[in-house]
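> Can you read through this structure? Questions will come right after.
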Amino acid sequence: MRALDRFILGELKAPFFFGLIAFTIILVAGGLLFQMADLIIQKGVSIGIVIRLFLYYMPRLVVFTIPMSCLLAALLGFGKLSANSELVALKSAGLSFQRIVRPVVIAAFFVSICAFFINESIVPMSERAAANVMKYEVLRESAPIFTQKVFLKEESDGVIKRVIYVDQMDNSTKDMKDVTVEEFEEGRLARIISAQRGKWVDGSWWLEDGAVYEIKKETKEVGLLFKFNRQALTLNLGPDEISTKSSSPDEMTIPELVTAVKLKEKMGEGTGDLWMALQLRIAVPWACLIFAMLGAALGSRPQRSSSGVGLGYSVIIIFVYYVIMSFSRALGESGTLPPFVAAWTANAVFLVISIWLCSRANRLG
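Under this note's numbering, think of the first position of the sequence shown as 1238, with each following residue one higher.
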């Protein structure tokens, strides 16, 4: 049986890497290449900067191409097995289609884990780097006047100790507006410090015109402890470091998205875009597993098809998948659908189709 698993995975290895290269080239040629050419020709950007931008954008493209490659690999691999009547021989030996496809499912599971790791760790860093290059080296923008919606979190041994929210910071004067500090004890919210202004004076932060509130442990009631005109804020970050903490959802990791969501909810602001970004960060990599099942079921049909036809089928299926995802994402961000439901709708639809096709494949041949 192990020899059979190795044989089946061996049939999928070459199509997978072919798909990874082919789909990456398609995405690059479809948009990124023209963008890079425009930077060189129209804006006179140096080749070195363009190459850096190209490399920074690649991880995000790879996250999209990995599920496509899983689909193409299973489609072509099982198409070859079907065309050579090897699937018929395996079924005649008493093996079910579910047993034949098992090594593909296991391999796709680990590919999904790998895609999730890339999407969570590498993509946010590369997106931040690309945004900085575009702003300050390509567009030659000066540093923004204001830094908006800054979230800072302090932890100790994985336990949150303090969360700081700054609504706006003037990057020239270093003055902050509407500062909220939440202090935690043993994982529970113990105190809230709210100040109208914050200032950077002689290397230290100071809060002005604020109040300190205590959350009682037993009753969870909020009570005013005292008001203050001026109070020191212990923060081991300077103004320049705080400016870098303001990020778009694509530039945040999952823990940063969770923190941003909780703080926005406490401030009464909408969190649909953040919830959708968080759920999609988890949902998209698992398309690798679903597409591998779908490709295996479609490829097992008794017909001969070339790699070009398989590539065309893959493009159509991926297009439908992302149309559904884009539509459901819009519904999730608007609040029409819960973010969890919206993010996983496309996966659920194609999972049902994959399971149905796999059950039919078991009866064919």
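The beta carbon of each residue, even a glycine, is placed where N, CA and C say it ideally should be.
Which whole-angstrom value describes the C-beta separation of residue 1418 and residue 1293, a residue pair presumed to lie in contact below a C-beta threshold of 8 Å?
The residue labelled residue 1418 in the question sits at position 181 within the sequence shown. The residue labelled residue 1293 in the question sits at position 56 within the sequence shown. About 34 Å separates the two Cβ atoms, so there is no contact after all.
> Return the Cβ separation of residue 1443 and residue 1469 in integer angstroms, given the expectation that the two are a contact with Cβ distance under 8 Å.
The residue given as residue 1443 occupies position 206 in the sequence shown. The residue given as residue 1469 occupies position 232 in the sequence shown. The pair is a contact, with the Cβ atoms about 6 Å apart (cut-off 8 Å).
> Which stretch, first to last residue, makes up the beta strand (DSSP E) that contains residue 1433?
Locating residue 1433 in the sequence shown gives position 196, counting from the first residue. Element bounds for residue 1433: 1425 to 1438.
> Quick one: Cα of residue 1519 to Cα of residue 1421, how far?
Translated into the one-based positions of the sequence shown, residue 1519 becomes position 282. Translated into the one-based positions of the sequence shown, residue 1421 becomes position 184. So the two alpha carbons sit approximately 28 Å from each other.
> My output table needs one value for residue 1382: the three-state DSSP class, helix, strand or coil.
For this step, residue 1382 is matched to residue 145 along the sequence shown. Its pLDDT being 49, under 50, residue 1382 is placed unreliably in this model, and the value from its coordinates should be taken loosely. In the structure shown, residue 1382 sits in coil (DSSP, three-state: anything other than H, G, I, E or B).
> Taking the DSSP output, what are the residues bridged to residue 1614?
Nothing can be reported for residue 1614: it is not among the residues displayed for the chain, which extend from 1238 to 1602.
> Which of the three DSSP states, helix, strand or coil, is assigned to residue 1330?
Residue mapping note: residue 1330 aligns to position 93 of the sequence shown, counting from 1. Note: residue 1330 maps to coil in three-state DSSP.
> Could you pull the start and end residues of the alpha helix (DSSP H) that residue 1578 belongs to?
Here the question's residue 1578 lines up with position 341 in the sequence shown. Segment 1576 to 1598, the alpha helix (DSSP H) holding residue 1578.
> According to the neighbour-count rule (16 or more other Cβ atoms, all chains shown, within 10 Å of its Cβ), is residue 1466 buried or exposed?
By 1-based counting over the sequence shown, the position of residue 1466 is 229. It is exposed - the Cβ of residue 1466 has fewer than 16 other Cβ atoms within 10 Å.
> Could you give the distance in angstroms between the alpha-carbon of residue 1550 and the alpha-carbon of residue 1433?
Counting from one through the sequence shown, the residue named residue 1550 turns up at place 313. Counting from one through the sequence shown, the residue named residue 1433 turns up at place 196. Each residue's alpha carbon lies about 58 Å from the other.
> Counting only the same chain and skipping the five closest in sequence on each side, list residues whose C-beta sits under 6 Å from that of residue 1400.
Mapped onto the sequence shown, residue 1400 falls at position 163. The answer, listed in chain order, is 1390 and 1419.
> With which residues is residue 1417 paired in a DSSP beta bridge?
Counting from one through the sequence shown, the residue named residue 1417 turns up at place 180. DSSP, once it has assigned bridges, lists 1402 and 1431 as partnering residue 1417.
> For residue 1572, does the three-state DSSP call read helix, strand or coil?
By 1-based counting over the sequence shown, the position of residue 1572 is 335. The answer is coil: DSSP assigns residue 1572 none of H, G, I, E or B.
> Among the residues of its own chain, which have a CB less than 8 Å from the CB of residue 1352, if the five just before and after it don't count?
Counted from its first residue, the sequence shown places residue 1352 at position 115. Result list for residue 1352: 1300, 1303, 1304, 1521, 1522 and 1525, in chain order.
> May I ask you to report which of helix, strand or coil DSSP gives residue 1322?
Looking up residue 1322 in the sequence shown gives position 85. Here residue 1322 sits in coil by DSSP.
> Does DSSP put residue 1285 in a helix, a strand or coil?
Here the question's residue 1285 lines up with position 48 in the sequence shown. Helix at residue 1285.
> The alpha helix (DSSP H) spanning residue 1369 covers which residue range?
The residue labelled residue 1369 in the question sits at position 132 within the sequence shown. Its alpha helix (DSSP H) spans residues 1360 to 1370.
> So, are the CB atoms of residue 1566 and residue 1488 less than 7 Å apart?
Position 329 of the sequence shown, counted from the start, is the residue given in the question as residue 1566. Position 251 of the sequence shown, counted from the start, is the residue given in the question as residue 1488. The answer is no: Cβ separation not under 7 Å.
> Should residue 1462 and residue 1455 be called a contact, given that it needs their Cβ atoms to be closer than 7 Å?
What you label residue 1462 is simply residue 225 of the sequence shown in a count that begins at 1. What you label residue 1455 is simply residue 218 of the sequence shown in a count that begins at 1. No, Cβ-Cβ distance for residue 1462 and residue 1455 is not below 7 Å.
> Taking the CB atoms as reference points, tell me whether residue 1570 and residue 1509 lie closer together than 7 Å.
The residue you call residue 1570 lines up with position 333 of the sequence shown. The residue you call residue 1509 lines up with position 272 of the sequence shown. For residue 1570 and residue 1509, yes; Cβs fall inside 7 Å.
> In whole angstroms, give me the CA-to-CA distance for residue 1498 and residue 1572.
Taking the first residue of the sequence shown as position 1, residue 1498 is located at position 261. Taking the first residue of the sequence shown as position 1, residue 1572 is located at position 335. Rounded to the nearest angstrom, the two C-alpha atoms are 14 Å apart.
> Taking 7 Å as the threshold (C-beta atoms), are residue 1374 and residue 1490 in contact?
Taking the first residue of the sequence shown as 1, we reach residue 1490 at position 253. Taking the first residue of the sequence shown as 1, we reach residue 1374 at position 137. No, they are not a contact pair.
> Mind checking whether residue 1252 and residue 1309 have CB atoms under 7 Å apart?
Here residue 1252 corresponds to residue number 15 of the sequence shown, with the count starting at 1. Here residue 1309 corresponds to residue number 72 of the sequence shown, with the count starting at 1. Yes, the Cβ-Cβ distance between residue 1252 and residue 1309 is below 7 Å.
> Short of 6 Å in beta carbon distance, which residues of its chain neighbour residue 1243, apart from the five on each side in sequence? Order them along the chain.
Here residue 1243 refers to the residue found at position 6 when the sequence shown is read from its first residue. The answer is none, since no qualifying residue turns up.
> What whole-angstrom Cβ distance do residue 1329 and residue 1260 have, given they're in contact under 8 Å?
For this step, residue 1329 is matched to residue 92 along the sequence shown. For this step, residue 1260 is matched to residue 23 along the sequence shown. In fact, because the Cβ distance is near 35 Å, the residues do not count as touching under 8 Å.
> Closest to residue 1515 by C-alpha separation, out of 1324, 1342 and 1580, would be which residue?
In the sequence shown, the residue the question calls residue 1515 occupies position 278. The residue with the shortest Cα to Cα distance from residue 1515 is 1580.
> Between which two residues does the alpha helix (DSSP H) carrying residue 1242 extend?
For this step, residue 1242 is matched to residue 5 along the sequence shown. Residues 1239 to 1264.
> According to the neighbour-count rule (16 or more other Cβ atoms, all chains shown, within 10 Å of its Cβ), is residue 1266 buried or exposed?
As a working mapping, residue 1266 is identified with position 29 in the sequence shown. Flag for residue 1266 reads exposed.
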